Amino acid sequence: MTENLKTYLVLPHYDAGLLSPEELEQLAALARKYNIPATKITGAQRIAFLGMEEEAVVALKDELGLPEGKPEQRSRVHYIQACPGKTWCKYGHQDALSLAERIKKLEMDGPLPAKVKVGISGCRFCCCESWMRDIGLAGESKGWRLTFGGNAAGRPRIGDIIADRLSGDEAVELVRKALNYYRQEATSKTRTARFAERLGVEGLKKAVLG
Ligand code: SF4
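According to our numbering, the sequence shown is numbered sequentially starting from 650.
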């Protein structure tokens with residue numbers, strides 16, 4: 650939840666932007682029930698209920714099964730953007746949605762130092778801006794290419810290539826290793842982009858590719 654002047658927003662979690670008909674119906678019913686002024690698909694492929702009064706937030710979060718208070722430090726990635734991939738897009742080389750499902754479930758060895766955003770694109774067109782995410786995956790004809798340390802904010806950074814030609818299993822395992830290395834070596838609140846700038850990624854590559 651983010652305070653915005655005198656109103657609030659609520660972000661239900663639907664990673665990779667996938668929504669079933671039942672979830673769409675539930676969201677529509679809740680938007681009507683709470684008279685929500687604006688419902689928006691965010692850049693992160695999530696749904697935002699905007700302009701809520703404070704009293705309605707608790708009840709709505711309860712209905713959505715969202716925890717109260719500030720989010721705890723996470724040992725999982727913050728969110729995942731994924732494109733339709735080869736299942737639904739004619740340009741796709743790899744299955745972006747399946748990979749998103751697997752990475753979403755990854756549990757690191759402890760809390761991560763800062764938010765980790767993941768962008769998974771089924772081909773080099775990179776519709777999910779993989780180069781600009783903490784963890785970027787892009788599908789190529791021979792497998793996945795993994796990048797680390799991208800960021801699209803005030804000081805943008807293109808991620809560094811860690812490996813390519815990865816199978817789905819190899820990509821998931823490498824993401825887990827890279828994020829565990831990052832959690833061990835980075836100070837609290839240091840995003841991957843600043844971490845990669847300060848230390849370079851050679852140490853990370855040595856640690857995770859050996
Ligand atoms: S990144 Fe490639 S596979 Fe994914 S939606 Fe864009 S064009 Fe299609």
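Every residue, glycine too, gets a C-beta built ideally from N, C-alpha and C.
Computed from a prediction, not measured in an experiment: that's the story for all the values here.
CB of residue i within 8 angstroms of CB of residue j, strictly
i: Thr736; j: Leu748; result: no
i: Ala697; j: Tyr683; result: no
i: Leu795; j: Leu823; result: yes
i: Ile769; j: Ile807; result: no
i: Asp813; j: Gly792; result: yes
i: Ala763; j: Lys838; result: yes
Pick from the options that is closest to residue i, judged by C-alpha positions
i: Asp711; options: Ile752, Pro661, Ala845, Ile685; result: Pro661
i: Arg832; options: Asp783, Glu789, Gly859; result: Asp783
i: Cys772; options: Pro805, Ser724, Pro716, Asp744; result: Asp744
i: Val765; options: Gly799, Arg847, Leu679, Glu674; result: Gly799
i: Leu679; options: Arg814, Ala665, Gly714; result: Gly714
i: Tyr657; options: Glu671, Met701, Leu848; result: Met701
i: Tyr618; options: Phe774, Glu750, Pro716; result: Outside the shown range of the chain, which is 650 to 859, sits residue 618, and nothing can be said about it.
i: Arg825; options: Arg751, Arg804, Pro716, Glu703; result: Arg751
Whole-angstrom distance between residue j and residue i, CA atom to CA atom
i: Gln694; j: Ala801; result: 15 angstroms
i: Cys738; j: Ser790; result: 14 angstroms
i: Cys776; j: Thr836; result: 31 angstroms
i: Val707; j: Val659; result: 10 angstroms
i: Arg843; j: Lys689; result: 30 angstroms
i: Ser669; j: Ala687; result: 21 angstroms
i: Ala598; j: Val850; result: A query on residue 598 cannot be resolved here, the shown segment of the chain reaching from 650 to 859 and no further.
i: Leu786; j: Val767; result: 8 angstroms
i: Glu671; j: Arg725; result: 26 angstroms
i: His681; j: Leu699; result: At residue 681 the sequence reads Arg, which differs from the His that was named. Approximately 13 angstroms, taken between the alpha carbons.
i: Glu703; j: His742; result: 45 angstroms
i: Arg840; j: Phe797; result: 11 angstroms
Whole-angstrom C-beta distance between residue j and residue i, which should lie under 8 angstroms
i: Leu828; j: Leu761; result: 6 angstroms
i: Gly734; j: Gly788; result: 7 angstroms
i: Ala665; j: Ala731; result: 4 angstroms
Query raised in the report: What are the complete beta strand (DSSP E) segments, minimum 3 residues, inside the stretch 750–831?
Result: 766–770, 784–789, 792–797, 809–815
Requested in this report: Entirely within the stretch 674–740 and at least 4 residues each: give me those alpha helix (DSSP H) ranges in chain order.
Outcome: Qualifying alpha helix (DSSP H) stretches, in chain order: 703–713, 734–737.
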